[in-house]
Structure formats: structure tokens, C-alpha cells
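Working notes, structure below.
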Amino acid sequence: DVKVTQSSRYLVKRTGEKVFLECVQDMDHENMFWYRQDPGLGLRLIYFSYDVKMKEKGDIPEGYSVSREKKERFSLILESASTNQTSMYLCASNQAPTDTQYFGPGTRLTVL
Amino acid sequence: GQSLEQPSEVTAVEGAIVQINCTYQTSGFYGLSWYQQHDGGAPTFLSYNALDGLEETGRFSSFLSRSDSYGYLLLQELQMKDSASYFCAVRLTGGGNKLTFGTGTQLKVEL
Numbered sequence: 371d372v373k374v375t376q377s378s379r380y381l382v383k384r385t386g387e388k389v390f391l392e393c394v395q396d397m398d399h400e401n402m403f404w405y406r407q408d409p410g411l412g413l414r415l416i417y418f419s420y421d422v423k424m425k426e427k428g429d430i431p432e433g434y435s436v437s438r439e440k441k442e443r444f445s446l447i448l449e450s451a452s453t454n455q456t457s458m459y460l461c462a463s464n465q466a467p468t469d470t471q472y473f474g475p476g477t478r479l480t481v482l
Numbered sequence: 030g031q032s033l034e035q036p037s038e039v040t041a042v043e044g045a046i047v048q049i050n051c052t053y054q055t056s057g058f059y060g061l062s063w064y065q066q067h068d069g070g071a072p073t074f075l076s077y078n079a080l081d082g083l084e085e086t087g088r089f090s091s092f093l094s095r096s097d098s099y100g101y102l103l104l105q106e107l108q109m110k111d112s113a114s115y116f117c118a119v120r121l122t123g124g125g126n127k128l129t130f131g132t133g134t135q136l137k138v139e140l
């Protein structure tokens with residue numbers, strides 16, 4: 371079974387703090403993704419990566435950056451957290467050519 | 030832009046059949062996927078339609094009609110545990126490996 375893990379289930383940070391969200395997958399997948407999920411808006415893609423050190427912007431990259439130094443690990447970074455970044459953050463991975471993505475349990479981030 | 034529309038909420042009784050629709054406006058995609066997400070849980074893959082027609086997986090079936098820009102997820106013999114959110118998603122042609130998700134439908138199954 372594919373396993374995608376995220377470093378925290380719940381996180382509370384203060385406005386202006388730098389926040390790191392970590393994601394690890396154990397199936398040697400090439401592609402990894404970061405989404406945020408908000409009520410009524412579905413899943414929105416922030417960034418994705420198709421290889422080590424490669425990244426591409428998704429639909430809502432503003433205020434975020436990412437890092438992929440190793441194939442199994444994809445980090446989402448909030449350089450200066452703001453209250454409008456309070457959300458559920460979901461990481462996923464997949465392997466081409468299939469479309470199926472495997473999701474982590476999510477991190478619920480609250481920025482005060 | 031590309032968009033996938035779903036009803037926000039559907040309610041049905043245990044044992045019934047329910048259909049969750051997904052209508053889309055997109056120039057081209059490889060296939061239509063469906064994911065299930067229980068409250069507090071991760072989305073999990075349910076079904077995929079690469080071609081028009083019906084795909085059946087146990088109590089769940091999914092349908093795609095590219096000519097009508099429409100797909101649906103059909104859940105039969107509803108159980109309480111089917112209460113969850115359901116998302117349709119497509120991988121757009123020229124979009125690499127990323128998926129575009131619909132807004133999601135919350136299904137409530139009642140006794």
C-alpha cells in the first residue's frame with residue numbers, strides 16, 4: 371500500500387511566522403503535490419513537483435514556496451504566515467502514467 | 030478557464046441509490062476520476078473513466094459522456110458509511126500530471 375505521511379495533523383502558528391509542512395511518500399513516486407482545502411472551494415493546487423529539485427506553480431502559489439531535495443520528501447513553506455492561510459493542507463503523490471493520486475492525512479493549520 | 034461543477038450537498042436514505050453529477054467546461058482531458066473523503070480524512074481514489082460509458086466497481090459506478098461534458102458517480106445500496114464528500118477530477122491535456130478537482134459534493138445518508 372502506498373503511504374503518504376504528513377508531519378503534523380494540527381498546527382497553530384502566529385502571523386508572520388515561517389511555517390514548514392513536511393510530506394513523505396514511500397512508493398518512489400515521481401510526482402508530488404500540495405493542495406489546500408477550504409469549505410466550498412474544493413481542493414486547490416498550490417505547487418507540484420515532478421522530480422527532485424523540480425517544481426511548478428499550481429493555481430494558488432502566492433505566499434507559498436516548496437522544496438524537494440529528495441524524491442520521497444516534498445516540503446511546503448509559508449515564508450510569513452498570514453491569517454488567510456488558515457486551512458487544511460493536503461499532500462499527494464502519484465506515478466505517471468496513471469492519474470490516481472494518493473493523499474496524506476492532511477495538516478490543519480491555524481494562523482492566529 | 031477550466032471548471033468542474035458539482036452539487037454542494039445531496040441527502041438520501043439508507044438502501045437507496047444516489048447519483049452525484051459532475052459537469053465540466055474544459056478543452057480536453059485524459060479521463061474523469063472520483064475521490065471520496067470522509068470528515069477529517071484523506072481523499073481516496075474511487076473510480077476512473079478514460080472512455081465514455083459506465084465503469085462498475087461493486088456498489089459504485091461512474092459514467093462519462095464527453096459529448097455532453099458530463100459525468101456522474103452512482104452509489105447503490107447506500108450505507109451510513111457512504112456519508113462523505115465526493116470529488117470529481119480531471120487531468121487536463123497539456124497540464125502535465127496535475128489534477129483539477131471539482132468543488133465537491135457532501136453526501137448525507139439518513140436512516
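Quick mapping for you: the protein sequence lines, in order, are chains A and B. Numbers 371 to 482, taken from the numbering used here, label the letters of the first sequence in order. Numbers 30 to 140, taken from the numbering used here, label the letters of the second sequence in order. For glycine and all other residues, C-beta sits at the position ideal for the given N, C-alpha and C. In this text, all values refer to a predicted model and were calculated from it rather than measured experimentally.
Chain A within 9 angstroms of Asn50 of chain B, Cβ atoms only: Output row for Asn50 of chain B: interface = no.
Segment limits, beta strand (DSSP E) that includes Gly60 of chain B: First-last of the beta strand (DSSP E) with Gly60 of chain B: 58-66.
First through last residue of the beta strand (DSSP E) which encompasses Ala141 of chain B: Since the first residue shown for chain B is 30 and the last is 140, residue 141 of chain B is missing from the structure and cannot be characterised.
Lys440 of chain A - partner residues in DSSP beta bridges: Paired residue(s): A:Arg443.
Exposure of Lys137 of chain B, with buried meaning 16 or more beta-carbon neighbours within 10 Å: It is exposed - the Cβ of Lys137 of chain B has fewer than 16 other Cβ atoms within 10 Å.
Cβ contact (3+ pairs, closer than 8 angstroms) linking the segment 465-474 of chain A and the segment 436-456 of chain A: Inter-segment contact for the segment 465-474 of chain A and the segment 436-456 of chain A is absent: fewer than three beta-carbon pairs are separated by less than 8 angstroms.
Beta-carbon proximity list for Val374 of chain A, same chain, < 7 angstroms, skipping 5 on both sides: Scanning its chain for C-beta atoms nearer than 7 angstroms, with the 5 sequence neighbours on each side dropped, one finds around Val374 of chain A the residues Cys393, Gln395, Cys461, Ala462, Ser463, Tyr472, Phe473, Gly474, in chain order.
Contacts of Thr132 of chain B in chain A (Cβ-Cβ under 9 angstroms): Going along chain A in sequence order, the residues near Thr132 of chain B (Cβ under 9 angstroms) are Gly410, Leu411, Gly412.
Closer than 8 angstroms at the beta carbon, the chain B residues around Thr470 of chain A: In chain order: Ser62, Phe74, Tyr77.
Chain-order list of residues whose beta-carbon lies under 7 angstroms from that of Lys427 of chain A (same chain, five-residue window excluded): Taken in chain order, the residues that qualify are Tyr417.
Cβ contact check for the segment 401-415 of chain A and the segment 51-58 of chain B: 3 or more pairs under 8 angstroms: Short answer: they don't touch.
Segment contact, 8 angstroms Cβ cut-off, at least three pairs: the segment 99-111 of chain B with the segment 124-139 of chain B: They touch, by the three-pair rule.
Residue-chain proximity (Phe444 of chain A, chain B), Cβ-Cβ < 9 angstroms: It does not: the Cβ of Phe444 of chain A has no partner Cβ on chain B nearer than 9 angstroms.
Residues of the segment 87-102 of chain B whose Cβ lies closer than 7 angstroms to any Cβ of chain A, in chain order: Flagged: no residues at all.
Own chain residues within Cβ distance below 7 angstroms of Ala45 of chain B, not counting five before or after: So the qualifying residues of the chain are Leu107.
Supposed contact pair Phe116 of chain B and Leu413 of chain A - C-beta distance, whole angstroms, cut 8 angstroms: 7 angstroms between Cβ atoms; contact.
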